[in-house]
Amino acid sequence: MTNQVNDVTEKANGGHQSPVAGVRVATTTLIREVVKASPFTEWTGCEVITCENGVAELKMPFRQELTQHHGFVHGGIIGFLSDNVSAWAAASVVGDVVTADYSVKLLAPGIGEEFFARGEVVKANKRLVAVESRVYALRDGERKLIAIGSATILPV
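Those letters in the sequence shown? Residues 15 to 170, by this note's numbering.
Next up, the structure:
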């Protein structure tokens, strides 16, 4: 995946310089290209809203295929949103990354027409990036917090 991301980075040619010497960081344009290169992420319908300066936001439409037996969006999909938005926020600060660890607290069922996630870098250095995330469901025009997450992301 690193080579694929590096190839996409070259095409996007818009990354900003990282605090880690010689590293190009991800931008919204780059992460949109990464989504296109990731079959699972693309299948979910996940869309990048923004990815700049330690903050990433995404949205995903409700789809029946993403639900569990009660009709809620599956907790694994909520975890996926938290993981992706955290990694993308980190990538906007330190470049290419992988997730080392993440945890998600599910606060409410995943019921809504659309889902939003926001990740924000808390601390970054050349060895790791700490990120916090929030996942929301949009239902009847109201945005409801359904999960909070934290992640440790590693630059590669």
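Glycine included, C-beta positions come from ideal geometry on N, C-alpha and C.
Taking C-alpha atoms, which residue in VAL149, THR42 and ALA122 lies nearest to GLY133?
-> Walking along the sequence shown from the start, residue 133 turns up at place 119. The shortest Cα separation from GLY133 among VAL149, THR42 and ALA122 belongs to VAL149.
Which residues in the same chain have their Cβ closer than 7 Å to the Cβ of ARG153, if we skip the five residues on either side of it in sequence?
-> Along the sequence shown, one-based indexing puts residue 153 at 139. Counting only Cβ-Cβ distances below 7 Å, and skipping sequence neighbours, we find ILE125, GLY126 and GLU127.
Applying the criterion that 16 or more other CB atoms from any shown protein chain within 10 Å of the CB defines a buried residue, is TRP57 buried or exposed?
-> Along the sequence shown, one-based indexing puts residue 57 at 43. Per the 10 Å Cβ criterion, exposed.
Hey, LEU121 and ILE162 are a contact pair by Cβ (cut 8 Å); roughly how many whole angstroms apart?
-> Here residue 121 corresponds to residue number 107 of the sequence shown, with the count starting at 1. Here residue 162 corresponds to residue number 148 of the sequence shown, with the count starting at 1. About 7 Å; that satisfies the 8 Å criterion.
Under a Cβ-count criterion, where at least 16 other Cβ atoms within 10 Å of its own Cβ denotes burial, should PRO53 be classed as buried or exposed?
-> Your numbering for residue 53 matches position 39 in the sequence shown. Exposed: under 16 other Cβ atoms inside 10 Å.
In three-state terms, what does DSSP make of GLY133?
-> Along the sequence shown, one-based indexing puts residue 133 at 119. Correct three-state label for GLY133: strand.
Determine the contact status of ALA105 and VAL99, defining contact as a CB-CB distance below 8 Å.
-> Counting from 1 along the sequence shown, the entry for residue 105 is found at position 91. Counting from 1 along the sequence shown, the entry for residue 99 is found at position 85. It is not a contact, given that the beta carbons lie outside the stated cut-off.
Which term fits LEU159, buried or exposed, when burial requires 16 or more other beta carbons within 10 angstroms of its beta carbon?
-> Counting from 1 along the sequence shown, the entry for residue 159 is found at position 145. Looking at its Cβ environment, which holds fewer than 16 other Cβ atoms inside 10 Å, LEU159 is exposed.
In angstroms with no decimal places, state the Cα-to-Cα distance between GLY68 and VAL135.
-> Within the sequence shown, the letter at position 54 stands for residue 68. Within the sequence shown, the letter at position 121 stands for residue 135. Their Cα atoms are separated by approximately 5 Å.
Collapsed DSSP secondary structure at ARG153 in the structure displayed | The sequence position of residue 153 within the sequence shown is 139, counting from 1. The answer is strand: DSSP assigns ARG153 an E or B state.
Using 10 angstroms around the beta-carbon of TRP102, count the other beta-carbons present and answer buried if the total reaches 16, otherwise exposed.
-> Reading the sequence shown from its first residue, position 88 is the one you call residue 102. Classification for TRP102: buried.
Are LYS172 and GLU61 close, meaning C-beta to C-beta below 8 Å?
-> Because residue 172 is not part of the residues shown, which for the chain are 15 to 170, the question remains open.
ARG82 versus ILE63 - alpha carbon distance | Taking the first residue of the sequence shown as 1, we reach residue 82 at position 68. Taking the first residue of the sequence shown as 1, we reach residue 63 at position 49. The sequence given here places Gln at residue 82; Arg does not occur at that position. Taking the straight line joining both Cα atoms gives about 26 Å.
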